[in-house]
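Structure first, commentary second.
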Amino acid sequence: MGWVTDEGLITVWWLLALVAVNIGLGLRTWSRGRADRATIRRVEREGIGPVEAARHVDNERDAARTAVYLLYMEGAVDVSDEGVLTAVPDAPEPDDPVLSALLDGLGRRGAEGTRLYEILDEPDFEAYRNRLDERVPQVRRYAGRNRVASVAAGYALSFGMSMHALLVRAPVPVLGWHFDAWLLLWLPVWVLVALCAAAWPSEYSRRWPRFDRYCQQRVDAALDGLPAGIRTKVGKEAYRPTPPRRTSRPQGGPAGPGSPHAGGGDWADEAASSCGSGGCGGD
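In structure tokens form, the structure reads like this:
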């Protein structure tokens, strides 16, 4: 039981526990990534459509934008100066099933046309969205929370090590300090451990950067030759307009012709209304 009371062994065993936690995180990440690696190999072998590639690299909006660009390049969609999309009558059916579903939705809109943001949630484009979701590679796009987990484990283990040493009154190893020093020593130990946790990638860093580059190259190759003006036009209706904020009327009675809240009143009207017909303390 020397490891319970010996100051050197206390430190070694708690630090080994921290190492074990990080090894466990690494094994978990490797295990969860096996399916992703198999999917990536299959996609690189069989290929991926540009719309699906855009969805993997970015988001649904970028995928819809890419699909519109491709339909325009195939002569299946017109884009007005205001960014309204309309299907070209009797345009040939695209070979890509995702583009075909989008063109069907645009055709149902007729002359009314469509804005890019409507593709993301309108019922006419549900078939397009479902088909895209079915074909997007099912791989994790971000690295995950291993760094956070490592920092949290370091916090718990460094604090636990200090409390353990305090309970058994073990001096600080190597330095020979009194056991009371553990009250403050756990914090710099945790800071050092947290710096080591920076070896894990950030939670929002991309999980498979090489596959991301492959998908981006696929998108860039498909859109080669797209006129720059089309990007500008489509971008005009990329986001749903935000409704104007409603200004609340000040508390009081309804706004009438003689009310201070009426639109055409001025400060004189307001003074007359507040003083009443008898004046404000005058003769």
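Its first residue numbered 817, the sequence shown is counted upward by one per residue in this note's numbering.
Just so it is clear, CB atoms sit at the ideal spot from N, CA and C, and this is done for glycine as well.
Bear in mind that the values here come from a model prediction, so they are computed numbers and not experimental data.
How big is the Cα-Cα spacing for I1130 and L1008? The question about residue 1130 has no answer, for the chain in this structure spans 817 to 1099.
Distance, Cα to Cα, Y888 vs G1051? The residue labelled residue 888 in the question sits at position 72 within the sequence shown. The residue labelled residue 1051 in the question sits at position 235 within the sequence shown. Taking C-alpha positions only, Y888 is separated from G1051 by approximately 14 Å.
Is the beta carbon of G899 closer than 7 Å to that of E1053? Here residue 1053 refers to the residue found at position 237 when the sequence shown is read from its first residue. Here residue 899 refers to the residue found at position 83 when the sequence shown is read from its first residue. Result yes, Cβ atoms of E1053 and G899 sit closer than 7 Å.
Are at least three pairs of beta-carbons, each pair with one atom in the stretch 842-852 and one in the stretch 874-892, less than 8 Å apart? no
Cβ-based neighbour list, V913, same chain, cut-off 7 Å, excluding 5 preceding and 5 following: Here residue 913 refers to the residue found at position 97 of the sequence shown. Sequence check: residue 913 is Pro here, not Val. R947, listed in sequence order.
Relative to the alpha-carbon of N962, which residue among A879, R853, P1060, E1019 has its alpha-carbon at the smallest distance? Reading the sequence shown from its first residue, position 146 is the one you call residue 962. Residue E1019 is the option with its Cα nearest to N962.
Using the DSSP secondary-structure output, state which residues sit across from V900 in a beta bridge. Mapped onto the sequence shown, residue 900 falls at position 84. None; V900 has no bridge partner.
Ordered list of alpha helix (DSSP H) runs contained in the stretch 899-943, each at least 4 residues: Listed in chain order, they are 913-925.
Buried or exposed for V828, please, with buried defined as at least 16 other CB atoms from any protein chain shown within 10 angstroms of its CB. For this step, residue 828 is matched to residue 12 along the sequence shown. It counts as exposed.
Helix, strand or coil for Y888? Go by DSSP, reduced to three states. Taking the first residue of the sequence shown as 1, we reach residue 888 at position 72. In the structure shown, Y888 sits in a helix (DSSP, three-state: H, G or I).
Check whether V1100 and D1036 have beta carbons under 7 Å apart: Since the displayed the chain opens at 817 and closes at 1099, residue 1100 lies outside it and no answer follows.
Own chain partners of E890 with C-beta closer than 7 Å, once the 5 adjacent residues on each side are dropped: One-based indexing of the sequence shown puts residue 890 at position 74. Once the five neighbours on either side are set aside, the close Cβ partners of E890 are P910.
Rounded separation between G926 and R848 - CA only: If you number the sequence shown from 1, residue 926 lands on position 110. If you number the sequence shown from 1, residue 848 lands on position 32. C-alpha separation (whole angstroms): 46 Å.
Pick out whichever of G1041, T1048, F1027 has its Cα sitting closest to the Cα of A854. For the purposes of this step, residue 854 is taken as the residue at position 38 of the sequence shown. Out of G1041, T1048, F1027, F1027 has the C-alpha closest to the C-alpha of A854.
I need the DSSP call for R1056, collapsed to helix, strand or coil. Walking along the sequence shown from the start, residue 1056 turns up at place 240. Correct three-state label for R1056: coil.
Looking at the strands, I want to know which residues DSSP matches up with Y971. The residue given as residue 971 occupies position 155 in the sequence shown. DSSP output for Y971 lists no bridge partner at all.
Length of the line joining the Cα atoms of D937 and H980: Here residue 937 refers to the residue found at position 121 when the sequence shown is read from its first residue. Here residue 980 refers to the residue found at position 164 when the sequence shown is read from its first residue. If I take the Cα positions, the gap works out to 56 Å.
Rounded distance between the beta-carbons of I1046 and V895, thought under 8 Å: Position 79 of the sequence shown holds residue 895. Position 230 of the sequence shown holds residue 1046. Going by Cβ atoms, the distance from V895 to I1046 rounds to 6 Å, so yes, they are a contact pair.
D1028: first and last residue of the uninterrupted alpha helix (DSSP H) it sits in: Walking along the sequence shown from the start, residue 1028 turns up at place 212. Per DSSP, D1028 belongs to the alpha helix (DSSP H) from 1025-1038.
Could you check whether the Cβ of D940 sits closer than 6 Å to any heavy atom belonging to the ligand GDP? Here there are no bound small molecules, and the ligand GDP is not part of this structure.
Which same chain residues, not among the five before or five after R871, have their C-beta less than 8 Å away from its C-beta? Looking up residue 871 in the sequence shown gives position 55. Cβ neighbours of R871 beyond the five flanking positions: D878, A879, L948, V952.
Using a Cβ-Cβ cut-off of 7 Å, state whether Y1055 counts as contacting chain C. Considering every chain present, this structure includes no chain C. It has just one protein chain.
Look at the alpha carbon of A1120 and the alpha carbon of N838, and state the distance between them as a whole number of angstroms. Residue 1120 falls outside the range modelled here, since the chain spans only 817 to 1099, and no answer is possible.
Since R1022 sits in a beta bridge, which residues does DSSP pair it with? For the purposes of this step, residue 1022 is identified with residue 206 of the sequence shown, where counting begins at 1. Note: R1022 sits in a beta bridge opposite Y958.
What residue from V893, C1031, D897 has the CA that sits closest to P908's CA? By 1-based counting over the sequence shown, the position of residue 908 is 92. Closest by alpha carbon: V893.
Paired residues, beta bridge with D894 - DSSP: Along the sequence shown, read from residue 1 onward, the residue named residue 894 stands at position 78. Beta-bridge pairing links D894 to T902.
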